[in-house]
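Peer 1: In my numbering, the protein residues as written are 374 to 464. Note that the Cβ used here is the ideal one computed from N, Cα and C, for glycine as well. Here the structure is a predicted model, which is why all the values come from computation and not from measurement.
(1) Buried or exposed for residue 454, please, with buried defined as at least 16 other CB atoms from any protein chain shown within 10 angstroms of its CB.
(2) Pop quiz: residue 474 and residue 433 are said to be a contact at Cβ under 8 Å. What is the actual Cβ separation, rounded to whole angstroms?
(3) I'd like to check one pair, residue 418 with residue 437: are the Cβ atoms closer than 8 Å?
(4) For residue 400, does the count of other Cβ atoms within 10 angstroms reach 16, so buried, or fall short, so exposed?
(5) Apply the 10 Å Cβ neighbour rule to residue 375 and answer buried if 16 or more other Cβ atoms are within range, or exposed otherwise.
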């Protein structure tokens, strides 16, 4: 793993974002609030993609897969991938 000056901050922010998104996806997957959370997560993932590819490629893959499941209206699969992403982002 290559050291990156913003890695800890970015990973912490993504973990926090995932902790609020995962239960919401499971409880109210069709709500406007969840759709907004997923849009924000997609933006965060895009912004962090280069860093994640370098330091946590498994997390990046899980996030992308989760967002694909969300777009396909598969909330259980989306949540499972979000949990996997959280795991790969954890210290």
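Peer 2: In brief:
(1) So residue 454 counts as buried.
(2) Summary: the structure shown does not reach residue 474, with the chain confined to residues 374 through 464, and so no result is reported for it.
(3) With contacts defined as CB atoms closer than 8 Å, residue 437 and residue 418 qualify as a contacting pair.
(4) Exposed: under 16 other Cβ atoms inside 10 Å.
(5) Annotation note: pLDDT 48 at residue 375 (below 50); position unreliable, coordinate value reported separately. Burial call: exposed.
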